[in-house]
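Below: one structure, written as structure tokens.
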Amino acid sequence: MFDNDDVVQLVTETGARVEHPDYTRYVDDVDITAVRALYEDLVVVRRIDAEATALQRQGELGLWAPLLGQEAAQVGSARALRPDDFVFASYREHGVAYCRDVDPTHMLRFWRGSTHSGWNPFEYNMTTPAIIVGAQALHATGYAMGMQFDGSDGAAITYFGDGATSQGDISEAFGFAASFHAPVVFFCQNNQWAISEPVSLQSRVSIAARGRGFGVPSVRVDGNDVLAVIAVTRAALERAREGSGPTLIEAVTYRMGPHTTSDDPSRYRPAALDEEWKRKDPLDRIRALLESAGAIDDDYLAAVQQRADDTAAALRRGCLETVEPEPMSLFDNVYAEPHPLVDEERRQFAAYLDSFEGTDA
Numbered sequence: 008m009f010d011n012d013d014v015v016q017l018v019t020e021t022g023a024r025v026e027h028p029d030y031t032r033y034v035d036d037v038d039i040t041a042v043r044a045l046y047e048d049l050v051v052v053r054r055i056d057a058e059a060t061a062l063q064r065q066g067e068l069g070l071w072a073p074l075l076g077q078e079a080a081q082v083g084s085a086r087a088l089r090p091d092d093f094v095f096a097s098y099r100e101h102g103v104a105y106c107r108d109v110d111p112t113h114m115l116r117f118w119r120g121s122t123h124s125g126w127n128p129f130e131y132n133m134t135t136p137a138i139i140v141g142a143q144a145l146h147a148t149g150y151a152m153g154m155q156f157d158g159s160d161g162a163a164i165t166y167f168g169d170g171a172t173s174q175g176d177i178s179e180a181f182g183f184a185a186s187f188h189a190p191v192v193f194f195c196q197n198n199q200w201a202i203s204e205p206v207s208l209q210s211r212v213s214i215a216a217r218g219r220g221f222g223v224p225s226v227r228v229d230g231n232d233v234l235a236v237i238a239v240t241r242a243a244l245e246r247a248r249e250g251s252g253p254t255l256i257e258a259v260t261y262r263m264g265p266h267t268t269s270d271d272p273s274r275y276r277p278a279a280l281d282e283e284w285k286r287k288d289p290l291d292r293i294r295a296l297l298e299s300a301g302a303i304d305d306d307y308l309a310a311v312q313q314r315a316d317d318t319a320a321a322l323r324r325g326c327l328e329t330v331e332p333e334p335m336s337l338f339d340n341v342y343a344e345p346h347p348l349v350d351e352e353r354r355q356f357a358a359y360l361d362s363f364e365g366t367d368a
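Using the numbering used here, you'd call the opening residue of the sequence shown number 8 and step up by one each time.
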């Protein structure tokens with residue numbers, strides 16, 4: 008299952024459900040009702056992303072990292088998790104956060120600059136966005152080892168992009184996880200581009216092959232196939248829970264938008280490639296599956312769209328109604344106990360703010 012570079016697929020690009028000798032059994036319970044729920048997840052997640060992008064363009068967010076095109080990779084993997092599993096995210100896992108029941112408004116606080124993070128990680132068993140590229144893989148490995156020492160059968164999962172695999176932190180995490188059989192799933196969303204550089208430039212072999220080099224069993228999956236992603240993630244979590252150690256999943260997908268809202272992909276990416284991947288759209292694929300099963304109609308589509316629009320409206324309302332923090336609150340909750348360095352920084356910053364009194368600044 009983990010020793011070749013064949014790409015696992017359970018739903019074709021035209022929406023036909025197909026068998027796989029190793030992975031079909033992992034989604035035997037995903038009937039057409041479950042597929043309808045997954046389609047709703049995909050639509051809502053895409054709508055959240057579109058609304059947040061619009062808010063950034065309108066000056067309400069400082070930055071946003073779009074996930075357009077990667078919905079199936081995020082929804083599929085997140086829906087395979089148990090509540091007690093712990094997620095270590097990068098800065099693009101808005102779809103995972105949605106599936107972990109994080110209030111979409113809380114996703115924006117970090118990007119609006121109104122908080123140090125966005126939510127309490129222990130409330131949802133999911134960390135807030137990691138900006139240091141690749142660092143979260145080490146955090147996940149350490150947490151997984153702690154779960155192992157505690158005798159828990161839970162697992163950790165960490166998300167990162169293809170570009171992050173060029174960071175030393177990822178290599179160190181692979182090494183530790185393999186050596187100590189840590190119950191961690193490394194989930195790489197290979198969206199083909201590390202900002203402006205194609206994955207072929209940074210890796211002459213597949214991302215999965217790089218994991219195997221560290222002794223981490225690895226699998227490649229069609230990242231635009233939500234059922235296949237559920238299946239391989241469930242298989243990886245099964246290995247982790249039974250004590251067989253880590254797994255690397257390379258979800259082959261495509262970033263249909265910019266790296267962040269400060270990026271212009273048209274400067275480095277051919278339009279023909281975008282068009283090629285649009286034909287592999289993860290939402291269109293599941294819609295085609297539902298249509299072929301006679302499980303979709305106008306009323307259902309309208310209801311799904313209404314939920315997506317309601318979620319987006321609540322997201323916008325929550326963003327615009329955010330109570331911006333007082334400047335001095337920057338120093339709150341840095342440490343659990345008083346700290347002399349923070350006290351001195353607080354004093355200096357207060358003096359700086361006082362220097363503006365009586366001016367127009």
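The beta carbon of each residue, even a glycine, is placed where N, CA and C say it ideally should be.
As the structure is a computational prediction, the values presented were derived from the model and not from experiment.
Using the Cβ count rule (16 or more neighbours within 10 Å means buried), how would you classify residue i?
i    : result
T165 : buried
D48  : buried
E344 : exposed
P277 : exposed
R53  : buried
N340 : exposed
V309 : The identity of residue 309 in the sequence shown is Ala, whereas the question assumes Val. A309 comes out exposed.
D361 : exposed
N127 : exposed
L348 : exposed
S269 : exposed
G69  : exposed
T366 : exposed
Beta-carbon separation of residue i and residue j under 8 Å?
i    : j    : result
R246 : V15  : no
Q196 : Q313 : no
Y30  : A238 : yes
D229 : V259 : yes
L145 : E179 : yes
V192 : T240 : yes
P265 : A79  : no
L327 : A59  : no
H188 : G141 : no
E257 : S213 : yes
R86  : A162 : no
Y5   : D108 : Because residue 5 is not part of the residues shown, which for the chain are 8 to 368, the question remains open.
F167 : Q143 : yes
Q81  : V103 : yes
P332 : T122 : yes
E255 : S225 : For the sequence presented, residue 255 should be read as Leu rather than Glu. Yes, these two residues count as a Cβ contact at 8 Å.
A319 : I55  : yes
D291 : M263 : no
Y46  : V311 : yes
R353 : F338 : yes
For the alpha helix (DSSP H) containing residue i, list its first residue and its last residue.
i    : result
E67  : From DSSP, E67 is part of no alpha helix (DSSP H); its letter is neither H nor E.
A310 : 305-327
G149 : 142-156
V25  : No alpha helix (DSSP H) contains V25, which DSSP labels as neither H nor E.
V103 : 101-106
D176 : 175-187
Q16  : Per DSSP, Q16 belongs to no alpha helix (DSSP H) and is neither H nor E.
M114 : 111-119
Which residue wins for smallest C-alpha separation from residue i, given the options the options?
i    : options                : result
L17  : V191, R89, E26         : E26
A96  : R276, S124, S362       : S124
A171 : G149, P190, A185, I139 : I139
Q174 : A163, A201, E283       : A201
Y98  : E20, L115, L348        : L115
A41  : P205, L337, L297, S362 : L297
A184 : R211, V212, G222       : G222
G120 : P73, F156, Y307, Q63   : Q63
T21  : A85, V236, P90, R294   : R294
R32  : V94, D339, L234, A300  : L234
A137 : D108, D176, A151       : D176
Y105 : R354, E331, A315, G252 : A315
D10  : S210, G218, A300, F356 : G218
L75  : I39, N198, F194        : N198
M133 : H113, Y359, A23        : H113
D91  : R286, P73, M154        : M154
G83  : N231, A23, S299        : N231
E67  : R353, R324, M152       : R324
Would you give the residue range spanned by the beta strand (DSSP E) that residue i belongs to?
i    : result
A80  : Where A80 is concerned, there is no enclosing beta strand (DSSP E), although the alpha helix (DSSP H) it sits in stretches over 78-85.
G166 : Contrary to the premise, residue 166 reads as Tyr rather than Gly in this sequence. Element bounds for Y166: 163-168.
G196 : Reading off the sequence shown, one finds Gln at residue 196, where the question assumed Gly. Taken as a continuous stretch (DSSP letters only), the beta strand (DSSP E) holding Q196 covers 191-197.
V206 : Looking at the DSSP string, V206 is not in any beta strand (DSSP E); the run it does join, the alpha helix (DSSP H), is 206-209.
V94  : 93-95
Considering only heavy atoms of the ligand NAD, does any lie closer than 7 Å to the CB of residue i?
i   : result
V15 : Only the bare structure without any ligand can be found here, which leaves the ligand NAD out of the picture.
Margin query: So within the region 212-245, which uninterrupted beta strand (DSSP E) runs reach at least 3 residues, ignoring any that extend past its ends?
Written below: The qualifying runs are 225-229.
Check: Of all the alpha helix (DSSP H) runs that stay within the bounds of the region 242-291, which reach a length of 4 or more residues?
Finding: Under the rule that a run must span 4 or more residues, the alpha helix (DSSP H) segments found entirely inside the region 242-291 read 278-285.
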